[in-house]
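Data block below; observations after.
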Amino acid sequence: MTEQEFRVVYPLIAGWIQKTLAEHAPAARPVASLGFNRLAQYYDEKILVSAKVVFVPRVPVPPLSAMGLDRFRDFEAMDAGGITYLDTYFVRANQAGDESLHFHELVHVIQWRILGPEKFLAAYADGLERFGYRGCPLEVMAYDLQARFDARETAFEVAVEVEARLPR
Ligand SMILES: [Zn+2]
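Residue numbers 5 to 172, in my numbering, belong to the letters of the sequence shown in order.
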């Protein structure tokens, strides 16, 4: 995606995110309130209290093709188990109890926080375009860390790992 193209779509996507988060705000609850046992071994209490989750039948995705971004049509149609915007993530209701999925989305919460919305979206779009969903570097990082969580690796600090891996 060219810089110029990103300048045009960024306000549209940012606006859509604000509107979507506002619509779902009444249903958003802190991750800390869900009662998962293992997340606290990898995430600071402050993150678990401030990050919010919304359970939905289908996760909301920006109407990218309607914004002229036709090449992200596959991503738009993916029907993912979870998706993160800023400090809030959406999880498909039938996967609400999947602690590993919550772990994955929390990696994105930290990426959003460190990069800020503009850099996060630019990096995500660039990775998606060049490498596809699974090869997008921000996803590779989330899946790698999630695999360590799934393998029950001894507690580590996700925020520190993310910080170290993000190019700035
Ligand atoms: Zn992800």
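Ideal Cβ positions, reconstructed from N, Cα and C, are used throughout, including at glycine.
In this structure, how does DSSP classify residue i when only helix, strand and coil are distinguished?
i     : result
GLY72 : coil
THR6  : coil
VAL63 : coil
ARG33 : strand
ARG1  : Look at the range of the chain in this structure, 5 to 172, and you will see that residue 1 is not part of it.
TYR14 : helix
GLY86 : strand
Less than 7 Å between C-beta atoms, sequence neighbours within five positions excluded: which residues of the same chain meet that for residue i?
i      : result
ASP83  : ARG62
ALA173 : The structure shown does not extend to residue 173, since the chain spans only 5 to 172, so no value can be given for it.
ILE118 : VAL166, GLU167 and LEU170
ALA97  : PHE59, VAL60 and PRO61
ARG33  : LYS56 and VAL57
For residue i, which residues from the same chain have a beta carbon less than 6 Å from its beta carbon, with the 5 sequence-adjacent residues on both sides left out?
i      : result
MET145 : ARG169
HIS28  : VAL58
THR158 : none
LEU90  : TRP116
Verify whether the separation of the beta carbon atoms of residue i and residue j is less than 8 Å.
i      : j      : result
LYS87  : VAL65  : According to the sequence provided, residue 87 is Ile. The question's Lys does not apply to it. Yes, the pair counts as a contact, with Cβ atoms nearer than the cut-off.
ALA160 : TYR46  : The residue asked about is misnamed: residue 160 is Phe in this sequence, not Ala. Yes.
TYR14  : LEU105 : no
LYS56  : THR24  : no
VAL53  : PHE94  : no
GLU133 : ARG77  : no
GLU103 : LEU43  : yes
GLY85  : GLN99  : yes
By Cβ distance below 8 Å, which residues in the same chain neighbour residue i in space, the five residues on each side in sequence not counted?
i      : result
TYR147 : HIS108 and ARG138
VAL111 : MET145, ALA146, LEU149, GLN150, VAL162 and VAL166
LEU142 : HIS112, GLN115, PHE124, ALA127, TYR128 and GLY131
LEU38  : VAL57 and HIS106
ALA36  : GLU49, LEU52 and VAL53
Hey, which residues come within less than 6 Å of ligand 1, measuring from Cβ to any heavy atom, in chain order? Listed by position in the chain, the residues whose beta carbon lies within less than 6 Å of some heavy atom of ligand 1 are HIS108, HIS112, GLU143 and ALA146.
Go through the region 93 to 172 residue by residue and report every complete run of the alpha helix (DSSP H) that reaches 4 residues or more, in order. Fully enclosed alpha helix (DSSP H) runs of 4 or longer: 103 to 119, 121 to 135, 141 to 154 and 162 to 169.
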